[in-house]
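For the sequence shown, full-length UniProt numbering assigns the number 1 to the initial residue and increments by one for each residue that follows. Worksheet: the structure to be examined is printed underneath.
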Amino acid sequence: MKRECVVLVLCCLLLISIGFEVHALDYDYSFSAECLKTPLKPQYNGGIVTNPEFNDGLNGWDVQGVAKVENNVSSDGNTFIVASERKGPYHGFSQEFQLDKDKFYVVSGWVQVNHGDDATVAVIFKTQSGFQHAAWANAKSGCWSMFKGGLVVNASALAQLHFETNNTAVDIWIDSISVQPFSQEEWASHQTQTIEKVRKSKVAIQVVDSQGKALPNATISLIQGRANFPFGCAINKNILNNNAYQNWFFSRFKYTVFEDEMKWYSTETSQGKVDYSTSDAMVNLCKRKGVSIRGHNILWDDPKFQPNWVPSLSSQQLSVAAGRRVGSVVAKYRGQVIHWDVMNENLHFNFFESKLGAGASATFYRLAAQFDNKTPLFLNEFNTIEDQRDAASSPANYLSKIRQIRAGGYKGSLGIGLEGHFITPNQAYIRSAIDTLASAKLPIWITELDVQSSPNQAQFLDQIIKEVVGHPAVEGLIIWSAWKPTGCYKMCLTDNNFKNLATGDVVDKIRVSLTHEDLVGTTNAEGYFETSLFHGDYKAIVTHPTMAVSSFHHNLTVMPTTSESSSERVFSYKFTAA
């Protein structure tokens with residue numbers, strides 16, 4: 001066959017995915033953080049709740065404990081239920097449901113109290129196995145606050161929904177209640193939809209010659225480089241002189257966080273003697289390997305994790321020492337980390353606030369930004385998605401902490417760090433908690449994911465990773481499995497010979513599922529090859545029988561778009577084949 005010298009134009013049309021047909025009930029990811037004069041309509045029209053908007057009096061609702069329960073109407077005609085003269089935290093009203101073992105339940109609604117300061121209200125189901133928290137709300141007087149949560153049950157049985165607050169002096173008002181069940185198949189389909197809509201884009205590649213004539217039967221090979229979705233794992237100093245550890249880690253991950261080596265108690269064991277030699281070595285190793293680092297952490301609000309010379313400082317001495325710490329580590333690694341965890345775990349602990357005042361966190365966020373105004377500054381907390389019983393770090397309280405830091409004068413970039421130290425996952429609560437936090441419209445990362453050792457550890461890890469990767473608001477994931485010869489914090493991915501454990505196999509399988517390997521296609525009669533690609537960097541290699549050279553290649557990047565409309569972006573590349 002005669003070979004032609006042709007000019008080939010590679011046109012990449014990035015088509016925004018507008019979804020695909022799904023027979024399952026769509027999931028509603030929305031949450032309103034605004035306190036409203038009138039509550040919104042119930043999600044899913046109330047789901048399985050009887051009389052969710054109280055338009056039929058008290059039908060379906062019973063008195064719980066000792067309380068006066070009434071149906072009220074506001075001045076604008078909105079109807080709602082009220083529990084007053086409550087004699088105990090759980091006293092008020094309830095509704096009974098049949099809950100099934102193999103389903104996920106999403107619970108939402110609106111709450112208000114009649115007077116006073118904010119009241120913490122728990123949304124609880126009394127089940128066959130005991131009381132299960134489903135959601136938390138910070139209820140206000142004068143406006144309606146939304147709550148959203150979820151639960152799964154370990155046995156099919158009747159369960160009673162009720163609402164608790166320790167402040168028995170307030171009346172509880174509830175409206176627009178929803179309890180929506182989803183099957184396991186429906187739940188998994190939502191994760192798949194997110195992968196297709198958020199993590200991938202449809203791509204059409206056309207190959208034409210110099211006259212613009214389509215070239216059918218051209219072979220296009222796509223080799224993926226760096227993936228757009230950050231999926232990483234923690235490391236520690238054991239990696240520095242261990243080739244086996246390095247080979248295992250760097251063949252898998254492009255994102256990491258240091259387990260201890262950047263923390264204050266590691267870099268300043270004696271006051272005034274700052275030593276970054278270990279963290280420097282780890283940073284330099286990661287830079288050589290092209291691995292991005294989360295800066296963890298600048299300060300830690302837990303009194304147990306301070307340098308041993310810090311607790312005895314006076315307030316003035318602590319302010320100076322902590323300020324020097326912020327300036328030192330941030331200036332040292334400015335431009336070398338992708339995030340900073342500024343005040344770690346300040347929902348559960350308050351070491352600095354107890355010494356320096358309620359505005360301590362905001363002060364240190366402002367100070368960190370003075371030394372590095374380009375790197376996003378994160379909060380970082382545990383149990384917000386792991387344990388629905390923990391009121392301290394509930395999604396509602398996390399949003400309140402963000403508002404508190406903003407009110408303290410910090411106006412720069414913020415991110416939401418969710419540690420993810422699990423025992424037994426509640427997937428419905430994980431998803432609804434992230435829904436709630438996503439209303440802040442800030443980056444959300446899972447920063448320290450692990451699962452406590454148990455016969456179901458690998459299975460639970462698989463469920464959690466699929467849940468968070470399948471949530472449209474999650475922008476990155478770090479596994480907390482830095483290796484030690486004596487054992488990892490809670491969960492290792494390998495044995496001491498760096499052979500994968502079951503948990504490592506789970507991580508590898510999901511990690512590979514979020515990338516493309518050896519993707520090859522052939523252009524059709526119009527010269528097009530169409531596919532759906534994960535966001536990231538690719539090398540496109542094109543061959544055709546008429547080419548004077550065996551092949552040509554070009555690098556292309558498939559990126560998410562902020563547009564929600566059905567539109568396309570066109571990339572045109574011109575190549576001359578010798």
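For glycine and all other residues, C-beta sits at the position ideal for the given N, C-alpha and C.
Starting from the Cα of residue i, find the closest Cα among the options and give me that residue.
i: residue 579; options: 110, 84, 120, 32; result: It is not possible to answer for residue 579, since the shown part of the chain is limited to 1 through 578.
i: residue 318; options: 352, 343, 291; result: 352
i: residue 160; options: 140, 471, 123; result: 123
i: residue 25; options: 91, 419, 185; result: 185
i: residue 509; options: 465, 158, 415; result: 465
i: residue 440; options: 468, 132, 490, 401; result: 401
i: residue 411; options: 368, 390, 448; result: 368
i: residue 202; options: 550, 559, 556, 533; result: 533
i: residue 321; options: 283, 269, 390; result: 269
i: residue 88; options: 383, 65, 284, 423; result: 65
i: residue 216; options: 251, 529, 229; result: 529
i: residue 342; options: 274, 417, 225, 314; result: 417
i: residue 43; options: 218, 110, 96, 314; result: 110
i: residue 325; options: 356, 286, 273, 302; result: 273
i: residue 550; options: 219, 556, 113, 62; result: 219
i: residue 516; options: 479, 506, 498, 537; result: 537
i: residue 171; options: 86, 479, 314, 396; result: 86
i: residue 48; options: 484, 108, 30; result: 108
Cutting at 6 Å between CB atoms, please list the residues of its own chain near residue i, excluding the five before and the five after it.
i: residue 231; result: 477, 511
i: residue 579; result: Past the boundaries of the shown model lies residue 579; the chain is included only from 1 to 578, so the question cannot be answered.
i: residue 473; result: 434, 438, 444
i: residue 265; result: 307
i: residue 520; result: 221
i: residue 46; result: 52, 178
i: residue 118; result: 138, 140
i: residue 446; result: 418, 420, 468, 477
i: residue 62; result: 94
If you drop the 5 nearest sequence neighbours on each side, which residues of the same chain put their C-beta closer than 7 Å to that of residue i?
i: residue 22; result: Reliability of the predicted coordinates at residue 22 is poor, the pLDDT of 44 falling under 50, and no value is obtained from them.
i: residue 407; result: none
i: residue 54; result: 71, 79, 80, 81, 175
i: residue 428; result: 104, 105, 106, 150, 151, 152
i: residue 339; result: 294, 295, 375, 376, 378, 415
i: residue 487; result: none
i: residue 501; result: 492, 493, 494, 495
i: residue 166; result: 89
i: residue 481; result: 233, 234, 450, 488, 491, 492, 493
Here's the rule: buried if 16 or more other CB atoms are within 10 angstroms of the residue's CB, otherwise exposed. What is residue i?
i: residue 98; result: exposed
i: residue 547; result: buried
i: residue 199; result: buried
i: residue 432; result: buried
i: residue 452; result: exposed
i: residue 372; result: buried
i: residue 436; result: buried
i: residue 457; result: buried
i: residue 403; result: exposed
i: residue 558; result: buried
i: residue 335; result: exposed
i: residue 430; result: buried
i: residue 345; result: buried
i: residue 298; result: buried
i: residue 323; result: exposed
i: residue 213; result: exposed
i: residue 454; result: exposed
i: residue 41; result: exposed
i: residue 169; result: exposed
Under the assumption that residue i contacts residue j (Cβ atoms under 8 Å), give the Cβ distance between them as a whole number of angstroms.
i: residue 278; j: residue 237; result: 5 Å
i: residue 327; j: residue 366; result: Not a contact, Cβ separation roughly 12 Å.
i: residue 92; j: residue 162; result: 6 Å
i: residue 191; j: residue 470; result: 3 Å
i: residue 229; j: residue 535; result: 7 Å
i: residue 635; j: residue 173; result: Outside the displayed range of the chain (1 to 578) lies residue 635, so it cannot be described from this structure.
Below 8 Å CB to CB, which residues in the same chain sit around residue i once its five sequence neighbours on both sides are set aside?
i: residue 426; result: 150, 151, 152, 388
i: residue 20; result: With a pLDDT of 40 at residue 20, under the threshold of 50, the predicted position of this residue should be treated as unreliable, and no value is reported.
i: residue 405; result: 361, 362, 365, 379, 414
i: residue 312; result: none
i: residue 525; result: 214, 216
i: residue 248; result: 494, 498
For the ligand ADP, is there any heavy atom lying closer than 8 Å to the beta carbon of residue i?
i: residue 531; result: Although the ligand ADP was asked about, the structure shown includes no ligands whatsoever.
Between the stretch 56 to 72 and the stretch 127 to 142, do at least 3 Cβ pairs fall closer than 8 Å? The stretch 56 to 72 is not in contact with the stretch 127 to 142.
Should the stretch 192 to 208 be called in touch with the stretch 533 to 544, which here means at least 3 C-beta pairs below 8 Å? yes
Check whether the stretch 35 to 43 and the stretch 74 to 83 are in contact - that is, three or more C-beta pairs closer than 8 Å. yes
Segment contact, 8 Å Cβ cut-off, at least three pairs: the stretch 246 to 261 with the stretch 287 to 296: yes
Should the stretch 356 to 366 be regarded as contacting the stretch 92 to 112, the criterion being three or more beta carbon pairs within less than 8 Å? no
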